[in-house]
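Student: If you read the sequences in order, they're chains A and B.
Heads up, the first sequence is in the working numbering, so the first residue is 1 and it goes up one at a time.
Heads up, the second sequence is in the working numbering, so the first residue is 1001 and it goes up one at a time.
One structure follows; several queries about it will come next.
Protein chains: 2
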Amino acid sequence: MKKGLIFIVLFVVFVQESYSQNALNETHNLMPWPKHIEVDNSKYLIDSNLTISINENNPGRVSRAAVNFLRRLSNRTGVFFNTGFSLNNEPASIEISFDKISSLSIEEDESYTLEIRNKKISIKAKTDVGALYGLQTLLQSVTYDQEGYYFPGLTVHDDPRFVWRGLMIDVARHFQPIAVLKRNLDAMASVKLNVFHWHLTDDQGFRVESKIFPKLHQKASDGLYYTQEQVKDLIDYASGLGIRVVPEFDVPGHASAILTAYPEIGSKIGYDYSIERYAGVFDPTLDPTNEKTYEFLNTLFEEMALLFPDQYFHIGGDENEGKHWTENKKIKRFKRKHKLETNHDLQTYFNIRLEKHLNSLGKKLMGWDEIMTKNMPKTAVIHSWRGENEGLPKGGSLIKAAKAGYKTVLSNGFYIDRMLSVEHHYKTEPIGDLELTKAERSNILGGEATMWSELVTPLTIDSRIWPRTAAIAERFWSQKEVTDIDNMLLRLRDVNNNLEELGLTHIKNRDVILRSMARYQDISSLITLSKICEPLKVYSRNKGGTEYKSFSPFALFADACTADAQDARTFNTAIKSYLENQDATKLTLIKTYLNKWATNYEELMFIAESPNVKPLIPLSKNLSRTSKILSSVLESKNITNEELNLLDECINALKEPYVDVELAIVNSLSDLVSYAKKFL
Amino acid sequence: MKKGLIFIVLFVVFVQESYSQNALNETHNLMPWPKHIEVDNSKYLIDSNLTISINENNPGRVSRAAVNFLRRLSNRTGVFFNTGFSLNNEPASIEISFDKISSLSIEEDESYTLEIRNKKISIKAKTDVGALYGLQTLLQSVTYDQEGYYFPGLTVHDDPRFVWRGLMIDVARHFQPIAVLKRNLDAMASVKLNVFHWHLTDDQGFRVESKIFPKLHQKASDGLYYTQEQVKDLIDYASGLGIRVVPEFDVPGHASAILTAYPEIGSKIGYDYSIERYAGVFDPTLDPTNEKTYEFLNTLFEEMALLFPDQYFHIGGDENEGKHWTENKKIKRFKRKHKLETNHDLQTYFNIRLEKHLNSLGKKLMGWDEIMTKNMPKTAVIHSWRGENEGLPKGGSLIKAAKAGYKTVLSNGFYIDRMLSVEHHYKTEPIGDLELTKAERSNILGGEATMWSELVTPLTIDSRIWPRTAAIAERFWSQKEVTDIDNMLLRLRDVNNNLEELGLTHIKNRDVILRSMARYQDISSLITLSKICEPLKVYSRNKGGTEYKSFSPFALFADACTADAQDARTFNTAIKSYLENQDATKLTLIKTYLNKWATNYEELMFIAESPNVKPLIPLSKNLSRTSKILSSVLESKNITNEELNLLDECINALKEPYVDVELAIVNSLSDLVSYAKKFL
């Protein structure tokens, strides 16, 4: 009875602030957090009699999702389901119903209602895609107690804040096989992302088969491209998960690969075009004054428009510096003749021609925010990648586009290849407190995380995308008020684990890299280090794009490390709490860490003859010395001048970027050194 | 100079017995072991200037293999290669040359020569596939010392013993997505296997799209099938690796799936055919007396013969008990009319008709050894799966077939789903000391490991196939004299690691399962247990096929365990050595293990509230008690009656199969208990 009472009290609170942060999200590991949620104290115990029914004759997507749901639920809980699906029209434990099959346009309804009670679970939605989301939420809700695994009593009414919730993967810089894309699509679906933006071409490669211009994939891909059948297969797979596929063919810049195959439409005559092996921004550019360029692009886009059914068609359009345009006299004459003052005006001319043609193919042109110039038709979609950091006013190109009447999608703040913390991305609020009219607000379709692939291979890409992109997915789906970082981190842990269950490699491939580095000796010392090191951020790894190339190693220590190093946050928080608030309860934890790092050097030395472990010795040695002294100071409250000098020396060394990583606890160690000085 | 002398002496020995077991295979981790190998003390140091050249204009397979080679070599060594391929016709470090593109028939030459010297490496082969093998051997040869990674001086002349070196994967019992197959093809290529036998249909599913009979994949696959485009893609991928693809359509038995779609060609009128959810041998059988059956199969095989370009076409033909034939009066009449005494005779009639049709399509019929009856044309290929264990004379159906004039392939002894030790398979010598004529010997094409999939999913299949299949690959490739078990195990360790580098999941997915079981708490206690437990063998897991079904869990403790449990062999060998040879040097190792297991129970209890860990408590507790007492007895040389009784009780419990595993050290523990008795 007492429990019942508590429940009622809680219930009222929850109903009142059902979409704000509340105690619920500490016990319910849902992500993205739903719009409305109520709980009760009922429990649906998961046993072998569990069955699913679906209300449609041709349930396609939902049926496939239900099969996957049962497989995952069985694996996770260890329960042997008898039939899984209800037979002979018997009532099912989980009843799924929906009204129609989604056409996967941005106008489609994505809402769903999920109810979990003792004896019955129901998922109701307007579209089959809404029903998929209900199943994902149901799977996230699974928890256990003494009696075993169960679904906790819940009522969820859910609906996304933004209609465009995307992940871009660049397959040009490093090719990603279909298998990599499929598992990432699975992960996207599990956190309710609905757009896969496929960056298919760039200076480093043209990654899709063209039957009309076969030289594109033959000469400009190193043999690493998708056949048209593979593309269809991928689109079909994505569609099954409720995910749209938006292709990108980057023009007129980022065009080294295209010009390797068809140099005749380049802007510099006689230039020796070849696939780019480095990273960066390069000069090769299509010639926008050459009619052959349009003939080529019109034909190519017609071919690709048929291959990619989505309404949106991304033409890139970014980072064209127009160097070859300026150098070309014919192009200069053309500009004068057409009264195009700048290269930017010339690119607008080019974009407008493409836009018209794409319109005639039934497509909406989308491009990076450079395409937004005064003459650009409002039917174009602006993909905002520049913001305050790039010197634009608050809200960046996104708000400018929305106010100018363009539909727009935000990626500024969601560049996950910059290797910043999940907190950074989670805090990126697309609209913030800016005042927009209803029409302006409706122009903001949503956002996309961008996975540029200069430094990622199939071995590491998952750990660069996940779990941070799950928090970004919450930013795109959940209400604006859902912003509590600690709470997000708590829920993210569970989501992170479920992603592994789904087949993602972001957790397990760390040890694959470390084992290879250590030639399959004991890797525990490397694991300890990897938990406090993070890959260099904001493109300071591979500065100027000149270190890493096609055949460079991407299984180094930095590749085993991730943003948000696992132990760093815990240690940094403990130090802060100890130093700023004199919280002595943190002392044991701090000492445990310091002692672990102090002895880690000795452990590392056992495997240090492996050539790829050797470079870590100085880092480990400095960390060990620092930790040893600090630990003893915390114990004895005593420090010598000699020790202090050594500490300073070590900390200075540790502050330097080294083997492409930064030590994510170095500031805390430094603070501890400052504190230690008072014991001199 | 001293080194030089040793080298010369060794050299002579090596040349003399170049393909027998010798000291070389303790330092050179090559597998399969080459036919002829000589070493010298030169070293090719791997640095950024390393380049590859290929002698052909259209090098296809070799070019792709060289790209993969460079990627793997760079990742493994940490070396940043400048260009990887030699530019402008400059001499390359690794020169690859071959005469022709292989057509992937069993008549093609597969030999190669590999030479590694200080300054130059060369691979020469008659076919491009030979060159691929040379590259694989080169990659396996990589080693390191103080100076870094290098290729050791070597001359290898290599050539396989058998032309047919296969792996069969059953995708009917549990569907395996294309990604799973592709990574296994990569692994096959790395150990020079050259036939992928694709078991596409069985009672549990028809896994390939038929455009002529679409009900097959629509009604009989749960939506889990390969589109024809995916099949083409897979065949293309395999061909790139030098691997042939032989499809299997199992008839007339194992036909529940076919008959679910087309019941009209079944042998029991009015029978309610449906996809089978259990494992085992079932009654549904095609009707060999119905002309419609032949119309159906002829048309289906025509469609599939076009899809699968290989010359061989497997029709299964196994395990037909003919129960429905015996029950059917029409079929009985047909047998009488055609003078077919037994059901086996009737099946021969059926097979001969299929064989004729397949011949007309340019295909050679292949079938499991039941098809070998006196009237079966000699053009059929006999796939031997039964041997001495099944009551056949020495050499089993393989030798019988070879002597009868059939081409034949061996799988008896290579059923890797039986979960037996690698030693067991490695010892299976196809021909042995049986005397065969040259013609008979040439009838034996080779062998195939068979991965039946009743108990495997994409999560676990790699760990069921690898690394054992690498040793089987050596059996198929290397000379008969290569039989040293300890030496094979030594080399297998390295091959095992290289398979992980290649993307196989056999190592890393253990922790995925254990983490999920422990709900992402500390899994070290589970790892300790998994290293001494093995899944139940020879089909005693899932006895009678009635426990596991479509929606049963396959992420249990048994799924994390593998054959050849990692610590078991070491411990068992140490115990043997200690008890039989009084080798006291083993005592420390034994005690270390015992103490680890003794304390492991306490560790396990920290995570034992996780529902899927709970079932392990009794096992861990009994092991802990046993280890504790044995450790103290070894220390004190003293034991009480009470202790002895407890030991007996624990050992008896530990000897019982439990949670689908067996404790692979239980006999050693039992021996130690017997030994302990003398201290009473």
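Note that CB positions come from ideal geometry on N, CA and C, so glycine has one too.
In this text, all values refer to a predicted model and were calculated from it rather than measured experimentally.
What's the call for Asp250(A), buried or exposed, on a 16-neighbour Cβ count within 10 Å?
Tutor: For the purposes of this step, residue 250(A) is taken as residue 250 along the first sequence, with counting starting at 1. Classification for Asp250(A): buried.
Student: Rounded to whole angstroms, what's the CA-CA distance from Asp203(A) to His324(A)? Just pull it up for me.
Tutor: The residue labelled residue 203(A) in the question sits at position 203 within the first sequence. The residue labelled residue 324(A) in the question sits at position 324 within the first sequence. Roughly 15 angstroms between the two C-alpha positions.
Student: Per DSSP, what kind of secondary structure is Ser20(A) in: helix, strand or coil?
Tutor: In the first sequence, residue 20(A) corresponds to position 20, counting from 1. Reliability of the predicted coordinates at Ser20(A) is poor, the pLDDT of 44 falling under 50, and no value is obtained from them.
Student: Using beta carbons (cut-off 8 angstroms, strictly below), is Lys1215(B) in contact with chain A?
Tutor: Translated into the one-based positions of the second sequence, residue 1215(B) becomes position 215. Closer than 8 angstroms: no.
Student: Determine the extent of the alpha helix (DSSP H) in which Thr422(A) is found, giving its start and end residues.
Tutor: The residue you call residue 422(A) lines up with position 422 of the first sequence. Here residue 422(A) turns out to be Val, not Thr, going by the sequence shown. Taken as a continuous stretch (DSSP letters only), the alpha helix (DSSP H) holding Val422(A) covers 422 to 426.
Student: In this structure, does DSSP put Cys561(A) in helix, strand or coil?
Tutor: Walking along the first sequence from the start, residue 561(A) turns up at place 561. Cys561(A): coil per DSSP, three-state reduction.
Student: In angstroms, rounded to a whole number, what distance separates the CA positions of Ser1042(B) and Leu1138(B)?
Tutor: For the purposes of this step, residue 1042(B) is taken as the residue at position 42 of the second sequence. For the purposes of this step, residue 1138(B) is taken as the residue at position 138 of the second sequence. If I take the Cα positions, the gap works out to 15 angstroms.
Student: How about Val1208(B) and Tyr1237(B): do their beta carbons lie closer than 8 angstroms?
Tutor: Numbered from 1 along the second sequence, position 208 holds the residue referred to as residue 1208(B). Numbered from 1 along the second sequence, position 237 holds the residue referred to as residue 1237(B). Against a cut-off of 8 angstroms, the Cβ pair of Tyr1237(B) and Val1208(B) comes out as no contact.
Student: Do you know how far the Cα of Trp1477(B) is from the Cα of Gln1021(B)?
Tutor: Taking the first residue of the second sequence as position 1, residue 1021(B) is located at position 21. Taking the first residue of the second sequence as position 1, residue 1477(B) is located at position 477. With a pLDDT of 49 at Gln1021(B), under the threshold of 50, the modelled position of this residue cannot be trusted; read the value that follows with caution. The straight-line gap from Cα to Cα measures roughly 15 angstroms.
Student: List the DSSP bridge partners of Phe1098(B).
Tutor: As a working note, residue 1098(B) is residue 98 in the second sequence. BP columns for Phe1098(B) point to Ala1125(B).
Student: Quick one: what's got a C-beta closer than 8 angstroms to Arg72(A)'s C-beta in the same chain, skipping five residues either side?
Tutor: Taking the first residue of the first sequence as position 1, residue 72(A) is located at position 72. So the qualifying residues of the chain are Leu139, Glu501, Leu502.
Student: Starting from Val1666(B), trace the alpha helix (DSSP H) both ways and give me its first and last residue.
Tutor: By one-based count along the second sequence, residue 1666(B) stands at place 666. That run of the alpha helix (DSSP H) goes 1666 to 1676.
Student: Could you list the residues in the segment 1509 to 1530 of chain B with a C-beta less than 9 angstroms from some C-beta on chain A, going in chain order?
Tutor: So the close ones are Asn1509, Asp1511, Val1512, Ile1513, Arg1515, Ser1516, Met1517, Arg1519, Tyr1520.
Student: Relative to the C-alpha of Pro1247(B), which candidate in Gln1566(B), Gly1134(B), Phe1301(B) has its C-alpha closest?
Tutor: Start at 1 with the first residue of the second sequence, and residue 1247(B) comes out as number 247. Answer by Cα proximity: Phe1301(B).
Student: Compare the C-alpha of Lys543(A) against each of Glu454(A), Gly60(A), Gly367(A) and name the closest.
Tutor: As a position in the first sequence, residue 543(A) is number 543, starting the count at 1. Measuring from the Cα of Lys543(A), the nearest candidate turns out to be Glu454(A).
Student: Show which residues of chain B have a CB atom less than 9 angstroms away from the CB atom of Glu500(A).
Tutor: Indexing the first sequence from 1 puts residue 500(A) at position 500. Within 9 angstroms Cβ-Cβ: Val1512, Arg1515, Ser1516, Tyr1520.
Student: Suppose you measure from the CA of Ser1516(B) to the CA of Leu1604(B); what does that come to, to the nearest Å?
Tutor: Stepping through the second sequence from its first residue, residue 1516(B) is reached at position 516. Stepping through the second sequence from its first residue, residue 1604(B) is reached at position 604. Their Cα atoms are separated by approximately 15 angstroms.
Student: With a threshold of 16 other CB atoms inside 10 Å of the CB of Thr469(A), please say whether the residue is buried or exposed.
Tutor: Translated into positions along the first sequence, residue 469(A) becomes position 469. That one is buried.
Student: Under a Cβ-count criterion, where at least 16 other Cβ atoms within 10 Å of its own Cβ denotes burial, should Gly1317(B) be classed as buried or exposed?
Tutor: Residue 1317(B) sits at position 317 when you count from the first residue of the second sequence. Gly1317(B) should be labelled buried.
Student: Determine the direct distance from the alpha carbon of Ile96(A) to that of Ala1066(B), and round the result to whole angstroms.
Tutor: Position 66 of the second sequence holds residue 1066(B). Position 96 of the first sequence holds residue 96(A). If I take the Cα positions, the gap works out to 51 angstroms.
Student: Taking beta-carbon pairs under 8 angstroms, can you tell me which members of the segment 1140 to 1153 of chain B lie near chain A?
Tutor: Residues passing the 8 angstroms Cβ filter: Tyr1144, Gln1146, Gly1148, Tyr1149.
Student: Starting from Trp385(A), trace the beta strand (DSSP E) both ways and give me its first and last residue.
Tutor: Taking the first sequence and counting its residues from 1, one reaches residue 385(A) at position 385. Taken as a continuous stretch (DSSP letters only), Trp385(A) belongs to no beta strand (DSSP E), as it is neither H nor E.
Student: Within 10 Å of its beta-carbon, does Asp145(A) have 16 or more other beta-carbons around it, so buried, or fewer, so exposed?
Tutor: Along the first sequence, one-based indexing puts residue 145(A) at 145. Exposed, since its Cβ has fewer than 16 Cβ neighbours within 10 Å.
Student: Closest by CA to Met1376(B), which one among Ile1532(B), Asn1412(B), Ala1404(B), Tyr1262(B)?
Tutor: One-based indexing of the second sequence puts residue 1376(B) at position 376. Ranking the options by Cα distance to Met1376(B), first place goes to Ala1404(B).
Student: Please identify the residue among Lys192(A), Asp417(A), Tyr149(A) whose C-alpha is closest to the C-alpha of Arg165(A).
Tutor: What you label residue 165(A) is simply residue 165 of the first sequence in a count that begins at 1. Comparing Cα positions, the closest option is Lys192(A).
Student: Can you give the Cα-Cα distance for Glu1303(B) and Leu1358(B), rounded to whole angstroms?
Tutor: Working through the second sequence from its first residue, we reach residue 1303(B) at position 303. Working through the second sequence from its first residue, we reach residue 1358(B) at position 358. If I take the Cα positions, the gap works out to 11 angstroms.
Student: List the DSSP bridge partners of Arg165(A).
Tutor: Taking the first residue of the first sequence as 1, we reach residue 165(A) at position 165. DSSP output for Arg165(A) lists Gly447(A) as bridge partner(s).
Student: From this set, His424(A), Leu286(A), Ala257(A), which residue's C-alpha is nearest Ile275(A)'s C-alpha?
Tutor: Counting from 1 along the first sequence, the entry for residue 275(A) is found at position 275. Among His424(A), Leu286(A), Ala257(A), the Cα nearest to that of Ile275(A) belongs to Ala257(A).
Student: Alpha carbon to alpha carbon, how far is Ala473(A) from Leu234(A)? Give it in angstroms, no decimals.
Tutor: Translated into positions along the first sequence, residue 234(A) becomes position 234. Translated into positions along the first sequence, residue 473(A) becomes position 473. The straight-line gap from Cα to Cα measures roughly 21 angstroms.
Student: Among Lys1480(B), Pro1263(B), Cys1533(B), which has the Cα closest to the Cα of Gln1566(B)?
Tutor: Here the question's residue 1566(B) lines up with position 566 in the second sequence. Comparing Cα positions, the closest option is Cys1533(B).
Student: Any beta-carbon of chain B closer than 8 angstroms to the one on Glu295(A)?
Tutor: Numbered from its first residue, the first sequence carries residue 295(A) at position 295. So no, Glu295(A) is outside the interface.
Student: Distance, Cα to Cα, Asn487(A) vs Thr143(A)?
Tutor: Here residue 487(A) refers to the residue found at position 487 when the first sequence is read from its first residue. Here residue 143(A) refers to the residue found at position 143 when the first sequence is read from its first residue. Between Asn487(A) and Thr143(A), the C-alpha separation is close to 18 angstroms.
Student: So, using beta-carbon positions, are Ile116(A) and Ser141(A) closer together than 8 angstroms?
Tutor: As a working note, residue 116(A) is residue 116 in the first sequence. As a working note, residue 141(A) is residue 141 in the first sequence. Closer than 8 angstroms, so yes.
Student: Given Cys650(A), which residues of its chain have a CB within under 6 angstroms of its CB, disregarding the five upstream and five downstream residues?
Tutor: The count along the first sequence starts at 1 and reaches residue 650(A) at position 650. Cβ neighbours of Cys650(A) beyond the five flanking positions: Asn622, Arg625, Thr626.
Student: For Trp1597(B), report the span of its alpha helix (DSSP H) as first-last.
Tutor: Locating residue 1597(B) in the second sequence gives position 597, where the first residue counts as 1. Counting along the chain, the alpha helix (DSSP H) containing Trp1597(B) begins and ends at 1587 to 1605.
Student: Thinking C-beta only, is Leu45(A) closer than 8 angstroms to Tyr150(A)?
Tutor: In the first sequence, the residue the question calls residue 150(A) occupies position 150. In the first sequence, the residue the question calls residue 45(A) occupies position 45. Going by C-beta atoms, Tyr150(A) is nearer than 8 angstroms to Leu45(A).
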